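One structure below.
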Amino acid sequence: MASKRDYYEILGIKRDASERDIATAYRKLAVKFHPDSNPGNAEAVEKFKEAAEAYEILSDREKRARYDQFGHAGTDQFTHQFHDVEDIFEAFGDIFSEMFGGRRRGGGRRVRRGADLRVDVTLTLEEAAKGASKTVEFERSKACTTCKGTGSKPGAERARCRHCGGHGQIVQSAGILRVQTTCPTCQGAGSVVTDPCTDCRGRGYVQERAKLDVTIPPGVDNGMRVRLTGYGEPSPDGGPPGDCYCFVAVLKHKLFEREGNHLILRMPISYSQAALGASIEVPTLAGPHELKVPAGTQSGDVFRVRGRGMPDPRGGSAGDLHVQTYIEVPKKMTARQEKLLRELADVENTEVSPHRKSFLERLKEYFTTGEALETTTKE
Ligand SMILES: [Zn+2]
Ligand SMILES: [Zn+2]
């Protein structure tokens, strides 16, 4: 992708321009590069589209704020790809009707965009964190090379469509209503194939297997899409092609659970580590990290490691890693471990720690005040 120009630079305004300045600057550019004043000038069309995109973001207070903070990365998800100039007229109808007195541009027939396609891309969590380059393959139509998309055998003539008499449109009457629609026989072309091309059986297009490299930005999550502009189906009538959308699926990770941009890790620690405090090595996507667990850590306590979550796909700050500890009870012990633990149990029987004491007291209270009785008899 070519690097995008700064929106303020495109509109030729300062970063603190008022909403009115933005509209004025855009109007000036729209008049200057308007396709009616620049027939056949592809560069003017590009400038016209560029200005429309800049205006679309900067004229919206919220999108402008995101753009100011994160640049293009912050707003690319909102930018509407203007496939053709007609799209711009549709999106900003009001500003144009003001300018051109409601006149709709051109009298020509509106061409249709090709259909969008979908492909699926599966990533590991590590790939999602770093960003990845993936090759995707999908089926797509392309114009038949034998007949150059006409559908007729080379040299064969198309015949005038009998259904619409070559107009491409038919008029249907229903009472006093007269509705003009595209001819269903020739799909608006006005002519039909009489001697079909053998390679595409008269359809004018064949299926091809497209292979593309897709760059997936860091931080993507399940369900996000990456748009490959112009890689969809071709237009049936000479318009722009559709887009191809890569839907991202991120595989479940063995250790980390994802919550937005944060990662959660359940980390086992021993009873002695929890009681006495310890320095433990925790895994992160960027390699091991040393975490200090203080004395008296409880099962379920959460420690935050800042910035070790997932990067923000929109250019914001990275998420954190939340390490949730739980105390792992050993299933097997050495004789010495068992001996020490039995000694500990002996000590605990005579000398109960404050936390445990209060729990036992609460338990005693529960049974002596009749609270338990109350709850069981109450209907
Ligand atoms: Zn063909
Ligand atoms: Zn027809």
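Taking our numbering, the leading residue of the sequence shown gets 631, the next gets one more, and so forth.
We put the CB at the ideal spot given by N, CA and C, even for glycine.
This one's a predicted model, so the numbers in the text were calculated from it and none came from an experiment.
What residue from the options has the CA that sits closest to residue i's CA?
i, options, result
"Ala653", "Asp646, Arg645, Leu641 and His664", "Leu641"
"Ser648", "Glu680, Leu659 and Ser689", "Ser689"
"Pro847", "Gly820, Asp651 and Pro943", "Pro943"
"Thr914", "Val953, Thr705, Ala965 and Thr812", "Val953"
"Leu951", "Ala759, Tyr656 and Gln699", "Ala759"
"Gly834", "Phe700, Cys816 and Lys693", "Cys816"
"Ser782", "Ser902, Arg831 and Thr754", "Arg831"
"Tyr638", "Glu673, Tyr697, Ala672 and Phe678", "Tyr697"
"Ala894", "Ala925, Val932 and Pro864", "Note on residue identity: the sequence assigns Ile, not Ala, to residue 894. Checked all of Ala925, Val932 and Pro864; the closest Cα to Ile894 is Val932."
"Val856", "Asp706, Arg694 and Glu911", "Asp706"
"Gly939", "Arg792, Gly798, Val749 and Leu885", "Leu885"
"Gly890", "Glu911, Leu906, Thr927 and Pro941", "Pro941"
Given the structure, does residue i come close to ligand 1, in the sense that its CB is under 7 angstroms from one of the ligand's heavy atoms?
i, result
"Gly781", "yes"
"Cys777", "yes"
"Gly820", "no"
"Cys774", "yes"
"Gly834", "yes"
"Cys876", "no"
"Asp651", "no"
"Asp829", "yes"
According to DSSP, what are the bridge partners of residue i?
i, result
"Val749", "Cys876"
"Ser909", "Lys922"
"Thr811", "Ile800"
"Gln837", "Ser771"
"Arg857", "Tyr875"
"Phe933", "Val953"
"Thr845", "Ser763"
"Lys898", "Checking the displayed sequence, the identity of residue 898 turns out to be Pro instead of Lys. Note: Pro898 sits in a beta bridge opposite Tyr956."
"Cys948", "According to the sequence displayed, residue 948 carries Ala and not Cys. Note: Ala948 sits in no beta bridge, so no partner."
"Phe886", "Leu895"
"Val822", "Ala789"
"Ser782", "Pro826"
Going by beta carbon distance, what residues of the same chain come within less than 6 angstroms of residue i, once the five residues before and after it are set aside?
i, result
"Pro669", "none"
"Asp829", "Cys774 and Thr776"
"Ala786", "Asp825"
"Val809", "Gln802"
"Lys644", "none"
Using a Cβ-Cβ cutoff of less than 7 angstroms, which residues in the same chain neighbour residue i once the five nearest sequence positions on both sides are dropped?
i, result
"Ala789", "Ser821, Val822 and Thr824"
"Gly862", "Gly744, Ala745, Asp746, Leu747, Pro871, Gly872, Asp873 and Cys874"
"Ala703", "Arg944 and Gly945"
"Tyr956", "Arg896, Pro898, Ser929 and Gly930"
"Arg839", "Glu767 and Glu769"
Kindly list the residues whose CB is nearer than 8 angstroms to the CB of residue i, restricted to its own chain and excluding five residues on each side of it in sequence; keep chain order.
i, result
"Arg971", "Residue identity differs from the one stated: residue 971 is Leu in this sequence, not Arg. Contacts found: Met963."
"Leu858", "Leu842, Val844, Asp873, Cys874, Tyr875 and Cys876"
"Ser909", "Glu920, Leu921, Lys922 and Val923"
"Val751", "Lys764, Val766, Val844, Ile846, Val856, Cys876, Phe877, Val878 and Ala879"
"Cys794", "Ile800, Cys813, Thr815, Cys816 and Gly820"
For ligand 2, residues whose Cβ lies under 5 angstroms from any non-hydrogen atom:
Cys791, His793, Cys794, Cys813, Thr815 and Cys816
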